[in-house]
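A.B. asks: For reference, the structure I am asking about is given below.
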Amino acid sequence: MVSTNTDDGFVVFDGVQKSYDGENLVVKDLNLSIAKGEFLTMLGPSGSGKTTCLMMLAGFETATNGAIRLGGKEINNIPPHKRGIGMVFQNYALFPHMTVAENLSFPLEVRKIGKAERETKVQRALDMVQMGDFGGRRPAQLSGGQQQRIALARALVFEAELVLMDEPLGALDKQLREHMQFEIKHISDNLGITVVYVTHDQTEALTMSDRVAVFEDGRIQQLAPPDELYEQPKNSFVAQFIGENNTLMGKVEKIDQDLAVVRLDNGDLIDTVPVNVSSVGDRTLVSIRPERVEFNRERLLPDAHTLKAEVLEFIYMGDIYRTRLRVAGKDDFIVKTRNAPDQRRLKPGEMIEIGWRPQDCRALDA
Amino acid sequence: MTDATNSPSTGPMLSADGTPLKKSLQIALRRQKLRALALVAPLLLFVLVSFIAPIADMLFRSVENEIVSETIPRTVIALEQWDYQDGNAAAPSDDIYAALYVDLSEAEEFKTHTRLGSRLNYETTGMSSLLRKTGRGIGRMDTDEYTKQFEALDPKWEDPAVWVAMMQSPGIADILPETASAWQSWQRIVANKNDVLAEEQPEDFIYTMLYRDLIAQPASAIAAYSGSGAEMLQAADSAVDGFEAISLREQFLDIDKDWADPQIWGTIKAFSSPYTAGYFLSSVDLQLTPAGIEPQPENQQIYMLLFGRTMFMSMVIMGSCILLGYPIAYLLSNLPLRTSNLLLILVLLPFWTSLLVRTSAWKVLLQQQGVINDILVWLGLVSDADRLVMINNQFGTIVAMTHILLPFMILPLYSVMKTIPPSYVRAAKSLGATNWTAFWRVYFPQSVPGIGAGSILVFILSIGYYITPELVGGTTGTFISNRIAYHISSSLNWGLAAALGTILLAVVLLLYWVYDRIVGIDNVSLG
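These protein sequence lines map, in sequence, to chains A and B.
For this note's numbering, count along the first sequence from 1 and bump the result up by 1317.
For this note's numbering, count along the second sequence from 1 and bump the result up by 5.
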């Protein structure tokens, strides 16, 4: 389903660059191919260029260089209204002077579709987002979540094959957001549409997407399915941006095909997977997920390197325990453990030994 | 928690100490309310004194007409018995002339007859000079014959003290009603001269009234009087039939023939009530004549034309402000903040120069030897012989006022457009709308509140505009306000000015109401 060849994707960015002022590139050499039916998320901090990419795809910004292709056809010079791309905006952009039904009917009207057919399609779209009875309301009379559904229905009502979503859930509260994430995902799966979804919320990206493109500094830092992104970040930015992350600085002491021993700045040795290091003596930032840290010596490999750690703080968070440790001179090292019946609760002041499986710890660029 | 607060079914909610909740809320809010009131009080007073009160006064002036009944009260009462009947009226009786004689004798002392003349002159030309002339002549009437005849009968009639004693006697007003009434005028005249009543010999009009009373009253009534000067009166009563009679009507006609004209009397009668619709009728090219309401003569019908022109030109100015202001406001609202602020300053720049300077600048530009004509001639578009007439007509007024009022359209438009997120138009385009459709179906409807606010502002401002039409309007480009100003400062017909202003105010309120019904005032937004 995932295509890596840039030539046969449904949506293709081919060497796209974008500059607003002629001096700085907001998007630097973007190459991205999105398969038909794929749910791709562009994730990144604000200013990383992800929204610009979306706007270029929608046609509201022009690419300074490079080509954007949709269904094999270059669309650089096609105005937005002829691209046939559905779009859901951050603030929904429901027309306040029209009723819900009129909002949905708008894209059909401009396509000169007959009244009877319009009404059927509007009703079908409304039913799809479970808002069948709300056609006569004005957007201002709806709650945020309801407006969100209408905006989604409006983007889908004219049967666009590609739907762009620009942080559509940003204005909703946490619970509703989580609910809507699944709903959007289900609808897009059912309809088989291609979705390009922009967000700065990594949870959203991980839960909804087939693939996630992590943007930073106008480049895609990593393009991968959610699990790969989380467990095998390619560089320190991705590692720190996605999920919680413990970092330690050190130098490569010994390097093999799939194991590198890193000497931390305080002299301790640890086992890591070499990702962005190639030779002995390289400075490296070592990344390890809090839930992969182990302090039960019996669960570690017999010859694994371990570190001494002092428990600084124990926080009870319901489903998990969150423990802050001082490790190798840093006192922001986090360990997460599942709240299981046999789980041990660490006490502040306790001295423990921690370690991990080598493949969970990644030696990245410094 | 007390039981009372827990049981809403038993009467009003009570607060914890048992007082009704509403009452304790009121007490709690009272301080806040008083504070708020104290804060707005200065402005409220200022507005009351400087805005509400003048408007109320203006509204009142447009119907107020007490000057006639105050200046010539006896005449007004006497005229009640008289019918005008289309100019074929019976000549007013001597009673009416007698009433006018006393009234004008007093008015002449206080010089109020000239003001009355000015007032009535608005309705019938010639009234002003007639009353001035009569005021001058009223002291020289032949009524001194009566005085002489009474003095000849008994020299004591010359003695003011005798008069004072007699007029103070009880019952004198019953037997000598006109004399008693005239005596009150005499008292006021003497008081006005700072003289002593008992030292001044009464003027001829008192003797005239005495003569009329004695003639009118039966001898038995005079005989029944027993107060001060009873014998003198009885003696005079028996002698008065032999006196030489003076016709007051003739005396008035000697001063001016016009006093025989029923039109004059008809006008006085028509405007004798303390409140009149006359000013309003004049404002709509009608007039109140003795015979009823009639249209003004054709050559004097000006106000409906002016009202119509004011409305029409205000509409045109409003329309051109929308046409010119909308694109500018759109541009401003879509530019980056730095640029739009700079441009906004340019929009506001006219506010910082004097209105007179701007209007005069248009004079320089538009006149026949002006800049624009010069350029057109230089370009060869217009021959030197027929330069365009662009000023001192409607065109000049519309151009200058559109320029002056344009900021009032741009600012509300801008502040409304600023709040329309660009994502609406983007959404429309992404849904398949062309640029025009996106603008017309999505952007424009949302900018309508700005158009509404700007239109109301511009229309209401222009409908009452004065300076610019006065300077560049010539004769065909002046507004109703110029006429109002004329009546305030030149013709001094404040009543008519007030009536015109009241109509203008009513028209504005009416349009406001219509606008509210059609567009809805809630939709008006200033940002």
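Where is the CB? At the ideal position from N, CA and C, for every residue including glycine.
Which chain B residues are close to residue 1569(A), counting only those with a beta carbon under 8 Å from its beta carbon?
C.D. replies: Residue 1569(A) sits at position 252 when you count from the first residue of the first sequence. Near residue 1569(A) there are no residues of chain B at all, since even the closest Cβ is about 49 Å away, more than 8 Å.
A.B. asks: Have a look at 296(B), 203(B), 180(B) and 155(B) and flag the residue whose alpha-carbon is nearest the alpha-carbon of residue 167(B).
C.D. replies: Residue 167(B) sits at position 162 when you count from the first residue of the second sequence. Ranking the options by Cα distance to residue 167(B), first place goes to 203(B).
A.B. asks: Taking C-beta to C-beta, are residue 234(B) and residue 175(B) nearer than 8 Å?
C.D. replies: Here residue 234(B) is taken as the residue at index 229 of the second sequence, counted from 1. Here residue 175(B) is taken as the residue at index 170 of the second sequence, counted from 1. For residue 234(B) and residue 175(B), no; Cβs fall outside 8 Å.
A.B. asks: Is there a C-beta anywhere in chain B that falls below 8 Å from the one on residue 1577(A)?
C.D. replies: Residue mapping note: residue 1577(A) aligns to position 260 of the first sequence, counting from 1. Chain B contact via Cβ: absent.
A.B. asks: Report the residue from 490(B), 516(B), 484(B) and 523(B) whose alpha carbon sits nearest the alpha carbon of residue 454(B).
C.D. replies: For this step, residue 454(B) is matched to residue 449 along the second sequence. Among 490(B), 516(B), 484(B) and 523(B), the Cα nearest to that of residue 454(B) is on 523(B).
A.B. asks: Closer than 8 Å is the cut-off here; do at least three beta carbon pairs connect the stretch 1642-1653 of chain A with the stretch 1615-1630 of chain A?
C.D. replies: Yes: at least three Cβ pairs fall under 8 Å.
A.B. asks: Against chain A, does residue 310(B) count as a neighbour if the rule is that its beta carbon must be under 8 Å from one of theirs?
C.D. replies: Taking the first residue of the second sequence as 1, we reach residue 310(B) at position 305. So, not an interface residue.
A.B. asks: Going along the chain, which residues of its own chain have a beta-carbon closer than 7 Å to the beta-carbon of residue 1562(A), five neighbours each way excluded?
C.D. replies: Indexing the first sequence from 1 puts residue 1562(A) at position 245. Excluding sequence neighbours, residue 1562(A) sits near 1556, 1604 and 1606.
A.B. asks: Out of curiosity, what's the CA-to-CA distance linking residue 510(B) and residue 495(B)?
C.D. replies: In the second sequence, counting from the first residue as 1, residue 510(B) sits at position 505. In the second sequence, counting from the first residue as 1, residue 495(B) sits at position 490. Going from the Cα of residue 510(B) to the Cα of residue 495(B) covers about 22 Å.
A.B. asks: Hey, residue 327(B) and residue 456(B) are a contact pair by Cβ (cut 8 Å); roughly how many whole angstroms apart?
C.D. replies: Counted from its first residue, the second sequence places residue 327(B) at position 322. Counted from its first residue, the second sequence places residue 456(B) at position 451. About 6 Å separates the two Cβ atoms, so the contact holds.
A.B. asks: Output yes if chain B places a C-beta closer than 8 Å to the C-beta of residue 1408(A); else output no.
C.D. replies: The residue labelled residue 1408(A) in the question sits at position 91 within the first sequence. Yes, residue 1408(A) lies at the interface with chain B (some Cβ there is under 8 Å from its Cβ).
A.B. asks: Interface residues of chain A around residue 428(B) at Cβ under 8 Å?
C.D. replies: Residue 428(B) sits at position 423 when you count from the first residue of the second sequence. Near residue 428(B) (Cβ distances below 8 Å), the residues of chain A are 1406, 1407, 1408 and 1410.
A.B. asks: Ignoring anything shorter than 4 residues, give me the alpha helix (DSSP H) runs that lie fully in the stretch 1461-1504 of chain A, in order along the chain.
C.D. replies: Those alpha helix (DSSP H) runs which fall completely within the stretch 1461-1504 of chain A and span 4+ residues are 1461-1473.
A.B. asks: Taking residue 1479(A) and residue 1497(A) to be in contact with their CB atoms under 8 Å, please state how far apart those CB atoms are, rounded to whole angstroms.
C.D. replies: Position 162 of the first sequence holds residue 1479(A). Position 180 of the first sequence holds residue 1497(A). Actually they do not touch by this definition, with Cβ atoms about 20 Å apart.
A.B. asks: Show which residues of chain B have a CB atom less than 8 Å away from the CB atom of residue 1273(A).
C.D. replies: This structure cannot speak to residue 1273(A), because chain A is shown only from 1318 to 1683.
A.B. asks: Can you find the residues in the same chain that come closer than 6 Å, C-beta to C-beta, to residue 1482(A), ignoring five residues on each side of it along the sequence?
C.D. replies: Against the first sequence, residue 1482(A) aligns to sequence position 165. Cβ neighbours of residue 1482(A) beyond the five flanking positions: 1405 and 1514.
A.B. asks: Since residue 1357(A) sits in a beta bridge, which residues does DSSP pair it with?
C.D. replies: Counting from 1 along the first sequence, the entry for residue 1357(A) is found at position 40. Beta-bridge pairing links residue 1357(A) to 1513(A) and 1528(A).
A.B. asks: Going by other Cβ atoms of all chains shown within 10 Å of its Cβ, with 16 needed for buried, is residue 344(B) buried or exposed?
C.D. replies: Residue numbering aside, residue 344(B) sits at position 339 when the second sequence is read from its first letter. Exposed, because fewer than 16 other Cβ atoms sit within 10 Å of the Cβ of residue 344(B).
A.B. asks: So is residue 1590(A) in contact with chain E if we call contact Cβ pairs under 8 Å?
C.D. replies: In summary, chain E is missing from the structure at hand, where the protein chains are A and B.
A.B. asks: Between residue 200(B) and residue 476(B), what straight-line distance do the alpha-carbon atoms span, to the nearest angstrom?
C.D. replies: Counting from 1 along the second sequence, the entry for residue 200(B) is found at position 195. Counting from 1 along the second sequence, the entry for residue 476(B) is found at position 471. Going by the C-alpha atoms only, they are around 54 Å apart.
A.B. asks: Would you say residue 1375(A) reaches chain B, if we count a Cβ-Cβ gap shorter than 8 Å as a contact?
C.D. replies: Position 58 of the first sequence, counted from the start, is the residue given in the question as residue 1375(A). Taking Cβ atoms only, chain B reaches closer than 8 Å to residue 1375(A), which makes this a yes.
A.B. asks: Thinking residue 1530(A) and residue 1602(A) are a contact (beta carbons under 8 Å), I'd like their distance in whole angstroms, please.
C.D. replies: What you label residue 1530(A) is simply residue 213 of the first sequence in a count that begins at 1. What you label residue 1602(A) is simply residue 285 of the first sequence in a count that begins at 1. Not a contact, Cβ separation roughly 22 Å.
A.B. asks: Quick one: measure Cβ to Cβ for residue 158(B) and residue 240(B), integer angstroms, because I've assumed they're closer than 8 Å.
C.D. replies: Residue mapping note: residue 158(B) aligns to position 153 of the second sequence, counting from 1. Residue mapping note: residue 240(B) aligns to position 235 of the second sequence, counting from 1. Residue 158(B) to residue 240(B), Cβ: 7 Å. Contact.
A.B. asks: Using the beta-carbon count (16 or more within 10 Å), is residue 1595(A) buried or exposed?
C.D. replies: Within the first sequence, the letter at position 278 stands for residue 1595(A). With fewer than 16 Cβ atoms within 10 Å of its Cβ, residue 1595(A) is classed as exposed.
A.B. asks: Are any of the Cβ atoms in chain A nearer than 8 Å to that of residue 306(B)?
C.D. replies: Residue numbering aside, residue 306(B) sits at position 301 when the second sequence is read from its first letter. For residue 306(B), the answer is no, since every Cβ of chain A falls outside 8 Å of its Cβ.
A.B. asks: Alpha carbon to alpha carbon, how far is residue 325(B) from residue 1319(A)? Give it in angstroms, no decimals.
C.D. replies: In the first sequence, the residue the question calls residue 1319(A) occupies position 2. In the second sequence, the residue the question calls residue 325(B) occupies position 320. Low confidence applies to residue 1319(A): its pLDDT is 43, below 50, so where it sits in the model is not reliable, and the reading given next is rough at best. Each residue's Cα considered, the two are about 59 Å apart.
A.B. asks: Report the rounded CA-to-CA distance for residue 1488(A) versus residue 56(B), giving the unit in angstroms.
C.D. replies: Within the first sequence, residue 1488(A) is the residue found at index 171, counting from 1. Within the second sequence, residue 56(B) is the residue found at index 51, counting from 1. Taking the straight line from one Cα to the other gives about 48 Å.
A.B. asks: Could one say the Cβ of residue 1455(A) lies closer than 8 Å to chain B's Cβ atoms, at least one of them?
C.D. replies: Your numbering for residue 1455(A) matches position 138 in the first sequence. Not one chain B Cβ lies under 8 Å of residue 1455(A).
A.B. asks: Using a Cβ-based criterion (distance less than 7 Å to any ligand heavy atom), does residue 405(B) qualify as near the ligand GTP?
C.D. replies: Among the components of this structure there are no ligands whatsoever, and the ligand GTP is therefore not found.
A.B. asks: I'd like the list of long-range same chain contacts for residue 11(B), defined as Cβ closer than 6 Å, with 5 residues on each side in sequence excluded.
C.D. replies: Here residue 11(B) refers to the residue found at position 6 when the second sequence is read from its first residue. Note that residue 11(B) scores 48 on pLDDT, short of 50, meaning its location in the model is unreliable; the coordinates nonetheless yield the value given after this. Excluding positions up to five away in sequence, the list is empty.
A.B. asks: State yes or no: is the beta carbon of residue 1614(A) nearer than 8 Å to at least one beta carbon in chain B?
C.D. replies: As a position in the first sequence, residue 1614(A) is number 297, starting the count at 1. Not closer than 8 Å to any Cβ of chain B, the Cβ of residue 1614(A) fails to qualify, so no.
A.B. asks: With residue 251(B) and residue 148(B) assumed to form a contact (beta carbons below 8 Å), what rounded beta-carbon distance in angstroms separates them?
C.D. replies: The count along the second sequence starts at 1 and reaches residue 251(B) at position 246. The count along the second sequence starts at 1 and reaches residue 148(B) at position 143. Right, the Cβ-Cβ distance comes to about 6 Å (below 8 Å), so this counts as a contact.
A.B. asks: At 3 residues or longer, what runs of the beta strand (DSSP E) sit wholly inside the stretch 1334-1407 of chain A?
C.D. replies: Runs found: 1342-1351, 1356-1360, 1382-1387 and 1403-1405.
A.B. asks: Check whether the Cβ atoms of residue 1409(A) and residue 1468(A) sit closer than 8 Å, and answer yes or no.
C.D. replies: By 1-based counting over the first sequence, the position of residue 1409(A) is 92. By 1-based counting over the first sequence, the position of residue 1468(A) is 151. A contact, by the Cβ cut-off of 8 Å.
A.B. asks: Strictly under 8 Å for the Cβ-Cβ distance: is residue 1435(A) near chain B by that measure?
C.D. replies: Position 118 of the first sequence, counted from the start, is the residue given in the question as residue 1435(A). Output row for residue 1435(A): interface = no.
A.B. asks: Among 275(B), 160(B) and 337(B), which has the Cα closest to the Cα of residue 421(B)?
C.D. replies: One-based indexing of the second sequence puts residue 421(B) at position 416. If we check each option's Cα against that of residue 421(B), 337(B) comes out closest.
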